[in-house]
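**Student:** Residue numbers (my numbering), protein chains in the order written: chain A, 22 to 256; chain B, 3 to 275. Okay, handing you the structure first.
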């Protein structure tokens, strides 16, 4: 009975989402777990959604709300691009998201990070958390797993990183959050946006670096059972 | 008790007259019947040539099985089918509605329907009702862009997956898929895997049962295998049959053909306004 109630719970993306600026563009990163209560409804979801060719958004919170908000903003941006006659700027995209989030704050439950590159401002990251605030930041973190990353970023983030440094930072951060947050998991997806274009990358969960007390990924339970264990498993 | 009660015809809108009565009845323990739900195990997977959908066939009303062989795989378009879990009325109504919208769209555009069109129509409708339309769907089909499989949740969120399960038996079915699914399955392998997953739901979940329905959709066409597997036959049927004692004795049989009672006028004037 309990399980039944849980499966009808609205889909929330437990989530860890990150957006980081670097020297020449931005890197967006996210985990891939969508949960309904205690069940993982989708272990390989894509939380980094395209708004335009040069602007992407990381979604967290209610899956339905964030999907619909990004659908509407994609539609508005498409119209805007046609009317403007040139690619939309990241600021406009972030503002449209903010308008929807703020004006419907009573009905929506979604935290978003907008990131992209345009020719006027270069790479920009805008965080739009629950109430509908719009805040431009050099880096932004969101989702339930972000709680574990505030200290990490305070220490590890620096101005003027290269593209590879920034991407490695994002992957490391999401991986740390996955290790500690039950609602984050699966694979790490990153999107790099700069003047040259957009690159999507994918890091499978079992290939990530192991942190404190994490065990090697096993192929089969039988391998663990057959080898003598030094201590009984703690539940 | 007012003597002058004017009978005013209801103007429309909900009439709350019976609510007090319902409350009193509920206190006495007489509850209204619960919604008919499809407890359900529904699955879908993408195989080499297209999509295979599967479903069980039990519909429940609380603890009672109200339909032992219902159809949970709904037609959306010639190349798109949709399995539905949740409240039976909601899944039927929403899939019927979107199926009609798709047909109108086909007439407008002159093209075969695409799965993403059905997906968007369904998710917009469900989101607008904020989860009150309790329909959890597995939508699958093959169109010009290839095979597609999506899950749609009652609140309006969607996922695109190579294999998916929904309903109360989804955990049992997902366990089978996670251990045995691989890319590039053949048609027979796919049907076998889908059947196995549904059977896992049927035998391990109380809300699912009876038979297995399978639907195979490929570029060439579709094959709806209704009751592909019937692992729950009725094992005991009495050979004697049932005979009910005749309570009422027949005293007289008189047949009066109606023609004698009714005058039939041949010809006559045509009806005029």
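A virtual CB, placed ideally from N, CA and C, is assigned to each residue, including glycine. These numbers come from a predicted model, not from an experiment.
#1: DSSP has residue 139/A in a bridge; who is on the other side?
#2: Do the stretch 141-157 of chain A and the stretch 94-107 of chain A meet, that is, are 3 or more Cβ pairs less than 8 angstroms apart?
#3: Would you identify the three-state DSSP class for residue 269/B, choosing helix, strand or coil?
#4: Does any C-beta atom of chain A lie closer than 7 angstroms to the C-beta of residue 207/B?
#5: At a Cβ threshold of 7 angstroms, is residue 152/B touching chain A?
#6: Does the pairing of the stretch 203-210 of chain A with the stretch 49-62 of chain A give three or more beta-carbon distances under 8 angstroms?
#7: Between residue 85/B and the rest of its own chain, which residues show a CB-CB distance below 6 angstroms, the 5 nearest in sequence each way excluded?
#8: Determine, using beta carbons only, whether residue 63/A comes closer than 7 angstroms to chain B.
#9: In three-state DSSP terms, what is residue 158/A?
#10: Under a three-way DSSP split, which group does residue 176/B fall into?
#11: What whole-angstrom Cβ distance do residue 169/A and residue 201/A have, given they're in contact under 8 angstroms?
#12: Of all the options 57/A, 238/A, 78/A and 91/A, which has the alpha carbon lying nearest to the alpha carbon of residue 161/A?
#13: Given this structure, state the Cα-to-Cα distance separating residue 259/A from residue 42/A, to the nearest angstrom.
#14: Give the range of the alpha helix (DSSP H) segment to which residue 98/A is assigned.
#15: Could you name the residues of the same chain whose beta carbon sits closer than 8 angstroms to that of residue 22/A, not counting the 5 residues immediately before and after it, in chain order?
#16: Are there 16 or more other CB atoms within 10 angstroms of the CB of residue 21/B, so buried, or fewer, so exposed?
#17: Closest to residue 236/B by C-alpha separation, out of 70/B, 138/B and 33/B, would be which residue?
#18: Check whether the stretch 209-217 of chain B and the stretch 176-190 of chain B touch, using three or more Cβ-Cβ pairs below 8 angstroms as the test.
#19: Any idea what DSSP makes of residue 233/A, helix, strand or coil?
#20: Under three-state DSSP, which class holds residue 68/A?
#21: Between which two residues does the beta strand (DSSP E) carrying residue 224/B extend?
#22: Measuring CB to CB, does residue 154/B end up less than 7 angstroms from residue 124/B?
#23: Can you tell me the Cα-Cα spacing of residue 162/B and residue 122/B, whole angstroms?
#24: So, are the CB atoms of residue 47/A and residue 188/A less than 7 angstroms apart?
#25: Going by DSSP in three states, residue 116/A sits in which element: helix, strand or coil?
#26: Pick from 51/B, 149/B, 185/B and 186/B: whose alpha carbon is nearest that of residue 117/B?
#27: Please state whether DSSP places residue 26/A in a helix, a strand or coil.
#28: Is it right to say residue 88/B is buried, meaning 16 or more other beta carbons lie within 10 angstroms of its own, or is it exposed?
#29: Whose Cβ in chain A lies nearer than 8 angstroms to the Cβ of residue 345/B?
#30: Note the first and the last residue of the continuous alpha helix (DSSP H) segment covering residue 201/A.
#31: Give a yes or no on whether 7 angstroms exceeds the smallest Cβ distance from residue 89/A to chain B.
#32: From residue 25/A to residue 170/B, what distance separates their C-alpha atoms?
#33: Taking the alpha carbon of residue 173/B as the reference point, which residue from 239/B, 142/B and 208/B has its own alpha carbon closest?
#34: What residues from chain A crowd round residue 160/B, counting only those whose CB sits closer than 9 angstroms?
#35: How many Å lie between residue 198/B and residue 118/A at the Cα?
#36: Taking the beta strand (DSSP E) that residue 171/A falls in, what are its first and last residues?
**Tutor:** Based on what the coordinates show:
#1: Position 118 of the first chain, counted from the start, is the residue given in the question as residue 139/A. Answer is 143/A, bridged to residue 139/A.
#2: no
#3: Mapped onto the second chain, residue 269/B falls at position 267. Of the three classes helix, strand and coil, the one that applies to residue 269/B here is coil, per DSSP.
#4: Along the second chain, read from residue 1 onward, the residue named residue 207/B stands at position 205. No, its Cβ sits nowhere closer than 7 angstroms to a Cβ of chain A.
#5: On the second chain, position 150 is the one that residue 152/B refers to. Taking Cβ atoms only, chain A never reaches closer than 7 angstroms to residue 152/B, which makes this a no.
#6: Three or more beta-carbon pairs separated by less than 8 angstroms link the stretch 203-210 of chain A to the stretch 49-62 of chain A, which places the two stretches in contact.
#7: For the purposes of this step, residue 85/B is taken as the residue at position 83 of the second chain. Hits under 6 angstroms: 44, 55, 57, 74, 75 and 140.
#8: Position 42 of the first chain, counted from the start, is the residue given in the question as residue 63/A. So yes, residue 63/A belongs to the interface.
#9: Start at 1 with the first residue of the first chain, and residue 158/A comes out as number 137. It is a strand residue.
#10: Counting from one through the second chain, the residue named residue 176/B turns up at place 174. Correct three-state label for residue 176/B: helix.
#11: By one-based count along the first chain, residue 169/A stands at place 148. By one-based count along the first chain, residue 201/A stands at place 180. Indeed they touch by this definition, with Cβ atoms about 5 angstroms apart.
#12: Your numbering for residue 161/A matches position 140 in the first chain. Nearest neighbour of residue 161/A by Cα position, chosen from 57/A, 238/A, 78/A and 91/A, turns out to be 78/A.
#13: Lying before the first or after the last residue shown, residue 259/A is absent from chain A, which here runs from 22 to 256.
#14: Locating residue 98/A in the first chain gives position 77, where the first residue counts as 1. Looking at the DSSP string, the run of the alpha helix (DSSP H) that includes residue 98/A is 84-105.
#15: On the first chain, residue 22/A is found 1 positions in, with the first residue counted as 1. Note that residue 22/A scores 37 on pLDDT, short of 50, meaning its location in the model is unreliable; the coordinates nonetheless yield the value given after this. If we look at residue 22/A and ignore the five residues flanking it on each side, it has no Cβ neighbours.
#16: As a working note, residue 21/B is residue 19 in the second chain. Residue 21/B should be labelled exposed.
#17: The residue you call residue 236/B lines up with position 234 of the second chain. Measuring from the Cα of residue 236/B, the nearest candidate turns out to be 70/B.
#18: These segments do not touch.
#19: In the first chain, the residue the question calls residue 233/A occupies position 212. If DSSP states are grouped into helix, strand and coil, residue 233/A belongs with coil.
#20: For the purposes of this step, residue 68/A is taken as the residue at position 47 of the first chain. The three-state secondary structure of residue 68/A, taken from DSSP, is coil.
#21: Along the second chain, read from residue 1 onward, the residue named residue 224/B stands at position 222. Start and end: 224-231.
#22: In the second chain, residue 154/B corresponds to position 152, counting from 1. In the second chain, residue 124/B corresponds to position 122, counting from 1. Against a cut-off of 7 angstroms, the Cβ pair of residue 124/B and residue 154/B comes out as a contact.
#23: In the second chain, residue 162/B corresponds to position 160, counting from 1. In the second chain, residue 122/B corresponds to position 120, counting from 1. One C-alpha to the other measures close to 12 angstroms.
#24: Position 26 of the first chain, counting from 1, holds the residue named residue 47/A. Position 167 of the first chain, counting from 1, holds the residue named residue 188/A. No, the pair does not count as a contact, with Cβ atoms beyond the cut-off.
#25: Residue 116/A sits at position 95 when you count from the first residue of the first chain. Looking at residue 116/A - three-state DSSP - the assignment turns out to be helix.
#26: Locating residue 117/B in the second chain gives position 115, where the first residue counts as 1. Comparing Cα-Cα distances from residue 117/B to each of 51/B, 149/B, 185/B and 186/B, the minimum goes to 149/B.
#27: In the first chain, residue 26/A corresponds to position 5, counting from 1. With a pLDDT of only 43 at residue 26/A, under the threshold of 50, the placement of this residue in the model should not be trusted; the figure read from the coordinates follows. Three-state DSSP puts residue 26/A in a helix.
#28: Residue mapping note: residue 88/B aligns to position 86 of the second chain, counting from 1. Buried, because 16 or more other Cβ atoms sit within 10 Å of the Cβ of residue 88/B.
#29: Outside the shown range of chain B (3 to 275) lies residue 345/B, about which nothing can therefore be said.
#30: Looking up residue 201/A in the first chain gives position 180. Unbroken alpha helix (DSSP H) run through residue 201/A: 184-201.
#31: By one-based count along the first chain, residue 89/A stands at place 68. Yes, its Cβ sits closer than 7 angstroms to a Cβ of chain B.
#32: Position 4 of the first chain, counting from 1, holds the residue named residue 25/A. Position 168 of the second chain, counting from 1, holds the residue named residue 170/B. Here residue 25/A scores only 43 on pLDDT, less than 50, and its place in the model should not be relied on; the value that follows carries that caveat. Residue 25/A and residue 170/B: Cα-Cα distance of roughly 6 angstroms.
#33: Indexing the second chain from 1 puts residue 173/B at position 171. With distances taken between Cα atoms, residue 173/B lies closest to 208/B.
#34: Residue numbering aside, residue 160/B sits at position 158 when the second chain is read from its first letter. Those within 9 angstroms of residue 160/B in chain A are 84, 85 and 88.
#35: Working through the second chain from its first residue, we reach residue 198/B at position 196. Working through the first chain from its first residue, we reach residue 118/A at position 97. Using only the alpha carbons, I get a separation of about 44 angstroms.
#36: As a working mapping, residue 171/A is identified with position 150 in the first chain. Per DSSP, residue 171/A belongs to no beta strand (DSSP E); it is in the alpha helix (DSSP H), 171-177.
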